[in-house]
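Q: Dropping the structure in here first, questions after.
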Amino acid sequence: CKRFSNGAIDVIHAIEHDAHMDHFQSPILFVTFNLDDLINIFPHDETIIALNYLLREQSPDQRIAGLTVDTILQLVQLVLKTQFYVYNAALYQQIYGGASGLPLTMFLAYTYLFFG
Numbered sequence: 177c178k179r180f181s182n183g184a185i186d187v188i189h190a191i192e193h194d195a196h197m198d199h200f201q202s203p204i205l206f207v208t209f210n211l212d213d214l215i216n217i218f219p220h221d222e223t224i225i226a227l228n229y230l231l232r233e234q235s236p237d238q239r240i241a242g243l244t245v246d247t248i249l250q251l252v253q254l255v256l257k258t259q260f261y262v263y264n265a266a267l268y269q270q271i272y273g274g275a276s277g278l279p280l281t282m283f284l285a286y287t288y289l290f291f292g
């Protein structure tokens with residue numbers, strides 16, 4: 177599995193290289209998918225459970241950068257529970273997904289995807 181961040185030109189160069197190296201065997205499947213909508217649909221409660229699992233699994237002493245796992249989880253819950261938006265002059269609380277420009281949102285979406 178390879179990740180390409182510079183678009184189709186990287187894919188073409190990689191295919192040409194792999195073909196030249198005789199890495200292709202039949203059958204060959206090429207797959208592409210897009211996860212952009214994931215940031216709008218991950219459920220907060222299940223994501224917190226997945227994040228809890230990830231943090232406790234990766235931190236034997238239950239601390240990351242001087243913060244306890246419990247503190248990190250509380251801070252993330254605070255961010256998720258205080259997301260609001262206005263639509264048609266009405267105020268709504270966002271209960272799925274997160275703010276599209278927030279770096280934390282993509283991390284949480286991927287955490288939910290892989291550990292949820």
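Just so you know, the sequence shown maps onto residues 177 to 292 in my numbering.
Each residue gets a CB set at the ideal place from its N, CA and C atoms; glycine is no exception.
Have a look at Gly-273 and Pro-279 and give me their C-alpha separation to the nearest angstrom.
A: Residue mapping note: residue 273 aligns to position 97 of the sequence shown, counting from 1. Residue mapping note: residue 279 aligns to position 103 of the sequence shown, counting from 1. Their Cα atoms are separated by approximately 12 Å.
Q: Could you give the C-beta distance for Leu-214 and Ala-285, rounded to a whole number, given that I count them as a contact under 8 Å?
A: Sequence index remark: in the sequence shown, residue 214 carries index 38 (1-based). Sequence index remark: in the sequence shown, residue 285 carries index 109 (1-based). So it is a contact: roughly 4 Å between Cβ atoms.
Q: Counting Cβ pairs, one atom from each stretch, are 3 or more of them under 8 Å apart for the region 255 to 263 and the region 227 to 234?
A: Cβ pair count under 8 Å is below three, so no.
Q: Helix, strand or coil, according to DSSP, for Pro-203 in the structure here?
A: Within the sequence shown, residue 203 is the residue found at index 27, counting from 1. Pro-203 falls in the coil class under three-state DSSP.
Q: Helix, strand or coil: which one does DSSP assign to Ile-271?
A: Position 95 of the sequence shown, counting from 1, holds the residue named residue 271. It is coil, neither helix nor strand.
Q: What's the gap between the Cα of Asp-221 and the Cα of Ile-204?
A: Sequence index remark: in the sequence shown, residue 221 carries index 45 (1-based). Sequence index remark: in the sequence shown, residue 204 carries index 28 (1-based). Asp-221 and Ile-204: Cα-Cα distance of roughly 39 Å.
Q: Does the Cβ-Cβ distance between Thr-223 and Thr-287 come in under 8 Å?
A: Position 47 of the sequence shown holds residue 223. Position 111 of the sequence shown holds residue 287. Yes.
Q: Short of 7 Å in beta carbon distance, which residues of its chain neighbour Val-255, apart from the five on each side in sequence? Order them along the chain.
A: For the purposes of this step, residue 255 is identified with residue 79 of the sequence shown, where counting begins at 1. Cβ within range, chain order: Leu-280.
Q: Out of His-196, Ala-190, Asp-198, Pro-219, which one is the CA nearest neighbour of Phe-206?
A: Within the sequence shown, numbered from 1, the residue matching residue 206 stands at position 30. Closest option to Phe-206, Cα to Cα, is Ala-190.
Q: What residues match up with Leu-243 in a beta bridge as DSSP calls it?
A: Your numbering for residue 243 matches position 67 in the sequence shown. DSSP lists Ile-240 as partners of Leu-243.
Q: What residues in its chain sit with their C-beta under 6 Å from that of Leu-227, if we drop five residues either side in the sequence?
A: Counting from one through the sequence shown, the residue named residue 227 turns up at place 51. Taken in chain order, the residues that qualify are Thr-287.
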